[in-house]
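Before any comments, here is the structure.
Protein chains in written order, with my numbering: chain P, 5 to 494; chain G, 11 to 223.
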C-alpha cells in the first residue's frame with residue numbers, strides 16, 4: 005500500500021476553493037498586462053484596463069478547470085519519456101535559479117560561472133533519483149539579459165534530462181522556445197513531447213507582473229508546460245493562518261490557470277508554488293519550516309482535488325552550509341512531499357532561502373530522494389505467505405543470505421545509498437580516512453564528473469543550439485560565448 | 011576461453027553447477043589440481059573479496075561465490091589425500107563461551123576459506139580451554155574469536171591470558187571481532203588484532219600470518 009499523507013478533508017478543500025473563487029470574482033486580481041486584461045474581458049471578465057484590474061467570473065474559472073489536463077508527460081532531449089505527472093507519481097528536480105553556489109574549496113558562496121554550470125549538468129546527469137534537471141543557478145559570466153536562456157542552452161547541451169526552467173524577461177521566451185524547437189524539430193513535435201516546464205510566478209498578494217503573466221501566455225501558445233509558482237508569505241503578505249494562506253494561494257494559482265487555459269485550452273499545468281511562512285524575528289522566508297511544508301502539502305491536495313498534477317519547492321533548506329540543518333530540512337520536506345504525492349518536488353541542492361546551490365548537497369539530496377522514493381513504495385507482500393517454508397529454510401540454513409527469496413527481493417526491498425551515506429562500522433570508516441559528509445559528497449561530485457558521458461544529443465543539434473545562443477548573445481553585444489562552448493561552434 | 015579463467019568467471023557469478031562441471035573438465039584435461047585451486051577457485055574468491063570491499067557486490071554474492079568454490083574444492087579434495095588441501099595457514103574460529111551468536115563468525119570462516127586458509131570452526135559457546143587445546147592439536151597459527159554480547163566479551167581476555175600462561179603468546183596469534191568489539195578493546199585485553207568485518211578479518215589474518223613467518 006502506498007502511504008498517503010493528508011492535511012485537509014474534502015469539506016475544507018471545497019470551502020477553501022469557494023472562498024478563493026469569491027476573492028477572484030468579488031475582489032479581483034491585479035494583472036499588469038493589457039493584452040491579457042483584454043483577453044479576459046473578451047471572455048466575460050469585468051476589467052478596469054486603466055487600473056490593471058480584473059474581476060473573474062465563475063463561468064471562466066469553471067471553463068478553465070474543465071480544460072486543464074489531468075496529467076501530462078515529459079521527455080528528455082532524445083525523446084524518451086521520463087515523467088508521467090499523474091495521480092500520486094513523484095519526481096524530484098533540483099531547486100532552480102540560485103544566484104550563488106557554495107564553493108567546496110573555500111566553503112563560501114560565490115557567483116557561478118559557465119564552468120560551474122557544466123559541472124552541475126554533468127553531476128545531475130548521473131543522479132538516478134533526480135530525473136529532471138533544472139536551470140539551477142545563474143552563470144554570472146554572460147550578459148544578464150541572456151542569463152536565463154544561457155542556462156537552458158547549457159542544460160540542453162550537457163545533460164539529456166528534461167528541464168525545469170523559466171524566463172526572466174518576456175523577450176527571452178523566444179530564444180528559450182527556439183532552443184527547444186531545435187531539439188524537437190517542429191512545434192508539433194514539441195507539443196507531442198514536452199521538454200521543459202516553465203515556472204511562472206504570480207506576485208503576492210494577488211497580482212501578476214507584465215513579464216510573468218506574459219510568460220504564461222507565451223508558454224500556453226506553444227503548449228509548453230507551466231508550473232504556477234504562487235508565493236504567499238504567511239503573516240506578512242498573506243494571512244498568518246495556514247488555511248488563510250491556502251485561500252490566497254488558491255486565488256493566485258486559479259488566476260494563472262484561467263490565463264493559461266483561455267489562451268490555449270489544454271495547456272499542461274503543474275499546480276505549484278513556493279509559499280512560506282514569514283519569520284518575524286529575522287524577516288526571512290524559511291523554506292525549511294514545517295509550516296511552509298504543511299502549506300505545500302495542503303495546496304497539493306487542493307490541486308489534486310481540482311484535477312491536475314502538482315509541484316512544490318519543498319525539499320530544500322535555509323542552512324548556509326552543508327550541515328545537519330541542511331539535511332534535516334531537506335529530508336523532512338522530501339518525505340512530506342512524497343507522502344503527499346506532490347508530483348514534481350523541487351529543491352534538491354538548494355540552500356539559503358533558494359539562493360544558493362551546492363553540488364555536494366545535490367549528492368546528499370539524491371540519496372534523500374532515493375530513500376523517499378523507497379518509502380512511498382510502502383510495504384507489500386512478496387512471496388511471504390505461507391511463511392512456514394521460509395522459516396524452515398532459515399532454521400535449517402541458519403541464515404537466508406543466499407536464499408532464492410533473498411536474491412529475488414533484496415534490491416527491490418532495500419534501497420542501497422551511495423557512499424555519501426555512512427553505513428560503515430566505525431573501524432572501517434576510520435580506515436577509509438574518517439571522512440566527513442562534506443568530504444564524501446565532494447568525492448562523489450568529482451567521481452561523477454570524471455565518469456560523465458557526453459550527451460547523446462546529435463552533434464548537429466548541439467551546433468544548432470550554439471548558433472542560436474551565439475546570435476542571442478550578440479544581440480546584447482556579446483560577440484563570444486564563454487570558451488567552454490567553443491567546440492560546438494565548429 | 012582458458013578453462014581456469016572460465017572457472018574464475020563462473021565462480022564470481024556464484025554458479026556452483028558450472029564450476030563443478032568446469033573443474034571436472036579441467037581435471038580431465040590434466041590441469042594440475044593445485045593450479046585449479048590457486049588460479050581458478052582462490053583467484054576468483056580474491057576478486058570477489060575486492061569487489062565486496064568496493065561495494066560492487068553484496069554479501070549474498072560473496073556467499074554464492076563461496077558455495078561455488080566449495081563445489082569445486084569437493085572435487086579436488088580426494089586428489090590431495092596425502093598432503094591435504096594446500097593451505098596458506100590454519101585458523102581456529104568460534105564464538106566465545108556464553109555466546110550463541112555465530113553468523114558473523116561463520117561469514118569470517120567462509121571468507122577465510124575463500125582466501126585459501128584452512129578453517130576449523132568450533133561453533134558457538136566455546137570455552138577458552140577448547141580454543142587453545144584445538145589450536146595446539148591442529149598446530150593452528152591463529153585463533154579467531156567472536157562475541158556479540160558485551161557480557162561475553164570478557165571471555166576473550168580469559169583466552170588471551172590462558173595463552174600467555176601456557177607460554178603460547180606470539181606463537182598462536184589472536185584476532186577478535188563482533189559488533190561490540192573494537193580495536194581499543196583488542197589492545198586492552200592484549201589480543202593481536204581486531205577485524206571489523208569479514209574482508210578485513212581475512213586481510214588481518216593474512217598480515218598476522220606473514221608476521222609470524
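We put the CB at the ideal spot given by N, CA and C, even for glycine.
Looking only at its chain, what residues have a beta carbon closer than 7 angstroms to the beta carbon of residue 140 (chain P), apart from the 5 residues adjacent to it on each side?
98, 99, 100, 102, 124, 353 and 361
CB contact check: residue 420 (chain P) to chain G, cutoff 9 angstroms
Yes, its Cβ sits closer than 9 angstroms to a Cβ of chain G.
Which residues in chain G sit within 9 angstroms of residue 496 (chain P), going by Cβ to Cβ distance?
With chain P covering only 5 through 494, there is no way to say anything about residue 496 (chain P).
Quick one: does residue 406 (chain P) have its CB under 9 angstroms from some CB of chain G?
yes
Note down, in chain order, every chain G residue with its Cβ under 8 angstroms from the Cβ of residue 31 (chain P).
By Cβ distance, chain G contributes nothing, its closest Cβ being about 59 angstroms from residue 31 (chain P), past 8 angstroms.
Under 9 angstroms between C-beta atoms of residue 210 (chain P) and residue 31 (chain P)
yes
Does any residue of chain P have a CB that is nearer than 9 angstroms to the CB of residue 112 (chain G)?
yes
With distance defined between alpha-carbon atoms, name the residue in P:345, P:183, P:475 and P:53 nearest to residue 9 (chain P).
P:345
Does residue 116 (chain G) have its Cβ less than 9 angstroms from a Cβ in chain P?
yes
Identify the contact partners of residue 69 (chain G) in chain P, using a Cβ-Cβ distance below 8 angstroms as the criterion.
405
Rounded to whole angstroms, how far is the Cβ of residue 65 (chain P) from the Cβ of residue 262 (chain P), which I believe are closer than 8 angstroms?
6 angstroms
Just the chain G side, please: which residues come within less than 9 angstroms of residue 138 (chain P) by C-beta, in chain order?
Residues of chain G passing the Cβ test: none, with the nearest at roughly 29 angstroms.
Would DSSP call residue 283 (chain P) helix, strand or coil?
strand
Should residue 93 (chain P) and residue 374 (chain P) be called a contact, given that it needs their Cβ atoms to be closer than 9 angstroms?
no
Where residue 33 (chain G) falls: helix, strand or coil (DSSP)
If DSSP states are grouped into helix, strand and coil, residue 33 (chain G) belongs with the helices.
Any heavy atom of the ligand GDP within a distance shorter than 8 angstroms of the CB on residue 172 (chain G)?
For the ligand GDP, the structure offers nothing, since it holds no ligand at all.
Using a Cβ-Cβ cut-off of less than 8 angstroms, give me the residues of the stretch 254-267 of chain P that come near chain G, in sequence order.
From the stretch 254-267 of chain P, no residue has a Cβ closer than 8 angstroms to chain G.
Is the beta carbon of residue 72 (chain G) less than 9 angstroms from the beta carbon of residue 208 (chain G)?
Cβ atoms of residue 72 (chain G) and residue 208 (chain G): closer than 9 angstroms.
If you follow the alpha helix (DSSP H) that residue 30 (chain P) is in, where does it begin and where does it stop?
Segment: none, residue 30 (chain P) is in no alpha helix (DSSP H) and carries neither H nor E.
Segment contact flag, the stretch 175-187 of chain P with the stretch 144-154 of chain P, C-beta cutoff 8 angstroms, min 3 pairs
Result yes; three or more Cβ-Cβ pairs closer than 8 angstroms.
Own chain partners of residue 281 (chain P) with C-beta closer than 6 angstroms, once the 5 adjacent residues on each side are dropped
Closer than 6 angstroms at Cβ, skipping near neighbours: 238, 293, 295 and 296.
According to DSSP, is residue 104 (chain P) helix, strand or coil?
strand
Output yes or no for whether 9 angstroms exceeds the beta carbon distance between residue 205 (chain G) and residue 186 (chain G).
Cβ distance < 9 angstroms, so residue 205 (chain G) and residue 186 (chain G) count as in contact.
Would you mind sorting residue 395 (chain P) into buried or exposed? The rule is 16 or more other CB atoms within 10 Å of its CB.
exposed
By the 10 Å Cβ neighbour count, where 16 or more other Cβ atoms means buried, how is residue 236 (chain P) classified, buried or exposed?
buried
Do we get a CB-CB distance below 9 angstroms when we pair residue 74 (chain G) with the residues of chain P?
yes
Closer than 9 angstroms to chain P by CB, residue 35 (chain G):
no
Flag residue 154 (chain G) as yes if its beta-carbon sits less than 9 angstroms from any beta-carbon of chain P, otherwise no.
no
Of all the options P:423, P:202, P:310 and P:301, which has the alpha carbon lying nearest to the alpha carbon of residue 3 (chain P)?
Nothing can be reported for residue 3 (chain P), as the shown portion of chain P is limited to 5 through 494.
Buried versus exposed call for residue 84 (chain P) [16 or more other C-beta atoms within 10 Å across all chains shown]
exposed
Answer with buried or exposed for residue 3 (chain P), where buried requires no fewer than 16 other C-beta atoms within 10 angstroms of its C-beta.
Summary: the structure shown does not reach residue 3 (chain P), with chain P confined to residues 5 through 494, and so no result is reported for it.
What residues in its chain sit with their C-beta under 6 angstroms from that of residue 115 (chain G), if we drop five residues either side in the sequence?
103, 105 and 156
Following the continuous beta strand (DSSP E) through residue 59 (chain P), name the residue where it begins and the one where it ends.
57-59
As assigned by DSSP and simplified to three states, the class of residue 87 (chain P):
It is a strand residue.
Suppose you measure from the CA of residue 194 (chain P) to the CA of residue 86 (chain P); what does that come to, to the nearest Å?
15 angstroms
For my contact list, residue 372 (chain P) and residue 338 (chain P) are in at a C-beta cut-off of 8 angstroms; report their separation, rounded to the angstrom.
5 angstroms
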